[in-house]
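Novice:
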Amino acid sequence: MKELRRRFGERRHEIGVLTARRALATLFVVPAVTLATFALAALSPLDPLVTYLGDGFEHTGRAERDAISDSLGLDVPFWQTWWNWMANAFTGDFGASHSLKQPVTTVFAERLPWTLGLSVVALVIALLVAFGVAAVAALRPDGLLDRALERVTLALTGMPPFVIGLLAVALFAVTLRWFPVGGLTEPGQPVTFGGVVHHIVMPAVVLALSQVPWFALALRESVREALGSGAVREAQVRGLSRGEVLRGHIAPVSAAALIALMGARLPELVVGALVVEEVFSWPGLADATVEAALTADFALLAAVTAATTLVMMLGSWLSDCALLVVDPRAQVER
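First residue of the sequence shown: -18, per the numbering used here; consecutive thereafter.
As structure tokens, this is what we get:
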């Protein structure tokens, strides 16, 4: 811990420069992404007024339709709707979702914690498995178990999350009945800690398996490179134990590779979480996002897009800052 604090102090200026650049980029990227969202929604063949009124559209008078259309901002160009939304967003008002009949802030308050919880649990599982694979590579390089794990992880790279999810449901929920098919609780039952743990196992493991190959293979390769480095050979000649070599020479190099990869894989983790939520009926943002896309729900689509962009940029910034602290070779681009 003292060593990390020392390194942070040495690279504080570089971290500050990186932070300022990323903050400035965010001020341009987020508005641009939300503007593109409004533009694409406006080009959709769906009529937001029809989807808003549903079966009642045919029974709604012309005057009432015009009033509702005006309240939803459907009578003005998309760029004006976007500008109004951005202006209100800076005051904390993200509008109302006409598809869910709720304020956007309420939608996020109810659903975002479940999406974040699923993503965090899956990330922890993926990292634990990746570290296990890397440990096998370090202790028994090119051994039978090492080669078997390499083949399994390579096979998983070609399987999208929804395929893994459907296979998991068919085997562990339908056939073996070890876990529920989906949802957060059993029908009609209150939300309990034990129930949530039981229901989150399958979606979290499926989401983790979609990330494990990349983390595991990157860690395994960095471990193999470190094992062949001069520093490790010198440490072994000095008589250091395997544990000391692992902690002092292999782990720091592997950590740098993992941190860089985590920043690059964050978009895949977010997209994978949305897919897994749909497969397992997990009450996160996925269902709301799909509903917003199918009904041209401008406010909710823009909020989800902005939040996703912010999460990706924040994750990238954190991984780059951590990489600066862990790896002395890392530099901020001039």
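From the three backbone atoms N, C-alpha and C, an ideal C-beta is built for every residue, glycine too.
#1: Would you mind reading off the limits of the alpha helix (DSSP H) that contains P12?
#2: Taking M294 as part of the alpha helix (DSSP H), name the residues at either end of that continuous run.
#3: Kindly list the residues whose CB is nearer than 7 Å to the CB of M293, restricted to its own chain and excluding five residues on each side of it in sequence; keep chain order.
#4: Once the 5 residues before and after P161 are set aside, which same chain residues still bring their CB inside 6 Å of it?
#5: Quick one, which of A111, T0, A280 and T290 has its alpha-carbon nearest E131's?
#6: Could you spell out where the alpha helix (DSSP H) holding I231 opens and where it closes?
#7: Could you tell me the alpha carbon to alpha carbon distance between L281 and G176, rounded to whole angstroms?
#8: When the Cα of L242 is compared with those of A103, V57, S297 and A70, which residue comes out closest?
#9: Among A207, L200 and L147, which one has its Cα closest to the Cα of M183?
#10: Have a look at E(-9), I231 and A185 and flag the residue whose alpha-carbon is nearest the alpha-carbon of V261.
#11: Pick helix, strand or coil for Q170, following the three-state DSSP scheme.
#12: Pull up the distance between the alpha-carbon of T286 and that of T156, whole angstroms please.
#13: Could you tell me whether the Cβ atoms of V11 and T290 are closer together than 9 Å?
#14: If I follow the unbroken alpha helix (DSSP H) through Q61, where does it start and stop?
#15: May I ask which residues mark the beginning and end of the alpha helix (DSSP H) holding P142?
#16: On the three-state DSSP scale, how would you describe P122?
#17: With a threshold of 6 Å on Cβ separation, who are the neighbours of P134 within its own chain once the five nearest residues in sequence on each side are excluded?
#18: How many angstroms separate the CA atom of G244 from the CA atom of A277?
#19: I'd like to know if the stretch 263 to 273 and the stretch 77 to 97 are in contact, where contact means that at least 3 CB-CB pairs between them fall below 8 Å.
#20: Assuming W66 contacts G73 (C-beta within less than 8 Å), just tell me the rounded distance between them.
#21: With respect to the alpha helix (DSSP H) encompassing A269, which residues constitute its N-terminal and C-terminal limits?
#22: Using three-state DSSP, classify S80 as helix, strand or coil.
#23: If distances are taken between C-alpha atoms only, which option among E(-5), W60 and S50 comes closest to A23?
#24: Assuming A283 and T7 make a contact with CB atoms under 8 Å, what is their CB distance in whole Å?
#25: Does the stretch 163 to 173 touch the stretch 102 to 111, meaning 3 or more C-beta pairs lie closer than 8 Å?
#26: Is it buried or exposed for Q312, if we count other Cβ within 10 angstroms and need 16 for buried?
Specialist: With the given structure in hand:
#1: R(-7) to L24
#2: Segment F279 to V307, the alpha helix (DSSP H) holding M294.
#3: Answer for M293: L247, P248 and V251, listed in chain order.
#4: Within the same chain, Cβ atoms closer than 6 Å to the Cβ of P161 are found at H180, the five residues on either side in sequence being excluded.
#5: Nearest C-alpha to E131 among A111, T0, A280 and T290: A111.
#6: DSSP places I231 in no alpha helix (DSSP H); its state is neither H nor E.
#7: 29 Å
#8: S297
#9: L147
#10: According to the sequence provided, residue 261 is Phe. The question's Val does not apply to it. For F261, the nearest C-alpha among the options comes from A185.
#11: Note: Q170 maps to coil in three-state DSSP.
#12: 38 Å
#13: yes
#14: F59 to A70
#15: P142 to A149
#16: coil
#17: Before going further, note that residue 134 is Thr rather than Pro in the sequence given. Same-chain partners within the cutoff: P194, A197 and L198.
#18: About 31 Å.
#19: yes
#20: In fact, because the Cβ distance is near 12 Å, the residues do not count as touching under 8 Å.
#21: L266 to L275
#22: coil
#23: W60
#24: A283 to T7, Cβ: 16 Å. No contact.
#25: no
#26: exposed
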